[in-house]
Structure formats: structure tokens, C-alpha cells
Amino acid sequence: MQKKCIGCKREISWGNSSCPFCGAAQSRLRHYGSSLALAIIVLAALGWVSHKSFQSLLEQSKQQLLENNQQQVTAANERIQALVNQIAELESQLKSAQQNNQQLKENQSAKSDERQSEIQTLKSQLASAQKETEKQEGRASWLGRENNRLKSELNSLKSELAALKTSNESQSSNSQSLLPADPPTVETTPESSDDETNNR
Ligand SMILES: [Zn+2]
Numbered sequence: 001m002q003k004k005c006i007g008c009k010r011e012i013s014w015g016n017s018s019c020p021f022c023g024a025a026q027s028r029l030r031h032y033g034s035s036l037a038l039a040i041i042v043l044a045a046l047g048w049v050s051h052k053s054f055q056s057l058l059e060q061s062k063q064q065l066l067e068n069n070q071q072q073v074t075a076a077n078e079r080i081q082a083l084v085n086q087i088a089e090l091e092s093q094l095k096s097a098q099q100n101n102q103q104l105k106e107n108q109s110a111k112s113d114e115r116q117s118e119i120q121t122l123k124s125q126l127a128s129a130q131k132e133t134e135k136q137e138g139r140a141s142w143l144g145r146e147n148n149r150l151k152s153e154l155n156s157l158k159s160e161l162a163a164l165k166t167s168n169e170s171q172s173s174n175s176q177s178l179l180p181a182d183p184p185t186v187e188t189t190p191e192s193s194d195d196e197t198n199n200r
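The numbering used here numbers the first residue of the sequence shown as 1 and each following residue consecutively.
Structure, rendered in C-alpha cells:
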């Protein structure tokens, strides 16, 4: 009885437990067992390694996530701080703007007060000027009336004087004795009489 060797496929007899040519064990279990065990060991090792590496990957990714989260939290905190600073800056700007506004308002009201008092002064000056004008107008009209009155008085005096002169001339032609009695009445207005005599 012949059979083929498991290892080298050459013809060997049934009785041989191992190949006379290559020395391979002719039991299938014994022949493949070592390979199987090796394969199992390799697989187990692979499994262990892959498990370990998976665990470490998981650990790493967890660590990475944690670091990322930490970084994001830090970035968010920085951003919050920046925003808080910005808000503080804006608040101080608003405050100074409000102060400026207040200052402007105060200046304006002071100016308007000043202007009000200037207007008041001008008004009172105008009123006194108007009063003065009225006074001057009254004085002018009084002077006009007075002038007219004086003119008419002067005219009546002139006519009186003329009448006296004519009566004087007629009397002097009649008698010289009456002449000295007349001058005192004429001399009550000496200047006008002088003017009249000089003009004639
Ligand atoms: Zn063989």
C-alpha cells in the first residue's frame, strides 16, 4: 500500500508515521497542528496588539478630544475676555460722549443765558433810546411851538413898534416935549428895537 506524503507528495508506504524523504509527520493533526497553533498564536497576538492599539487609539482620540475641548474652552474664554474688554471700551467711549454732550449742553445754555442778557441790555438800551427820542421829539415840538409863539410875539412887537414909531413921528412933528416919555416903552425890547432901527 502506497500513499502520498503530506509534505513532499512523494510515494511512501502506509506504515510510515513520518516521510522518509522530507521527515514530515504523516498525521494531519500533527502535520497541521503546529501551523494551526502558530496561526492561533499569531492571531491572538494580532488580536491583542490590535486591541491594545485600538485601546491606545481610543485613549489617544479621547485625549485629543479632551485637548481640543480644552483648546476650544480656552479660545472661548479668550474671546469672552476680548468681548468684555471691548464692552468696557465702548462703555468708556459712551461715558465720554455723554460727558461731551453734557458739556456742550452746559456751554449752550450758558451762551443762551449770555445772549439773553445781551438781548435784555439791548432792549433796555433801545427803550431808553426811544424814551430819549420821544423826549427830544417833545422838546422839538415844544421848541417849534415856542418858536412860533416867539415869532408871533415878535411880529406883534414889530407891529407895535411900527405903530409906536409912526405915532412917535407924528407926535415929534407936532411937539418934541412928548418924545422923552416914549422911549421907556420902546426900551422894554431894546434889542429888537435896535435891530429894527439898524435894518431900516
Ligand atoms: Zn515527504
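Ideal Cβ placement from N, Cα and C applies to all residues, glycine included. From a predicted model like this one, the values you see are computed outputs, not experimental measurements.
Quiz prompt | Cutoff 6 Å; reference R202; Cβ partners in own chain excluding five residues on either side | solution = Beyond the ends of the chain as shown, which are 1 and 200, falls residue 202; an answer cannot be given.
Quiz item: Got a sec? Which residues, its chain only, sit under 7 Å from N199 by beta carbon, not counting five neighbours each side?
Solution: Residue confidence is low: N199 scores 46 on pLDDT, short of 50, so the model does not pin down where it sits. No coordinate-derived value is stated.
Self-check item: Alpha-carbon spacing of L29 relative to S35, whole angstroms
Solution: 10 Å
Exercise. Compute the minimum distance between the beta carbon of A265 and the heavy atoms of ligand 1, and state whether it is under 6 Å.
Key: Nothing can be reported for residue 265: it is not among the residues displayed for the chain, which extend from 1 to 200.
Quiz prompt | Secondary structure of S50, DSSP reduced to three states | solution = helix
Quiz item: For Q81, which three-state DSSP category applies?
Solution: helix
Quiz item: What are the start and end residues of the beta strand (DSSP E) that includes I6?
Solution: No beta strand (DSSP E) contains I6, which DSSP labels as neither H nor E.
Self-check item: C-beta contact flag for W203 and K3 at 7 Å
Solution: No answer is possible for residue 203: the residues shown for the chain start at 1 and end at 200.
Quiz prompt | A88 - DSSP class collapsed to helix/strand/coil | solution = helix
Self-check item: Three-way DSSP call (helix, strand, coil) for Q120 in this model
Solution: helix
Practice problem: Taking A24 and I6 to be in contact with their CB atoms under 8 Å, please state how far apart those CB atoms are, rounded to whole angstroms. | Solution: 6 Å
Self-check item: Strand pairing of S13, partner residues [DSSP]
Solution: Q2
Exercise. Using only the heavy atoms of ligand 1, determine whether one of them is closer than 6 Å to the beta carbon of G7.
Key: Result yes, Cβ under 6 Å from ligand 1.
Quiz item: What do you reckon, is the C-beta of F21 under 6 Å from a heavy atom of ligand 1?
Solution: yes
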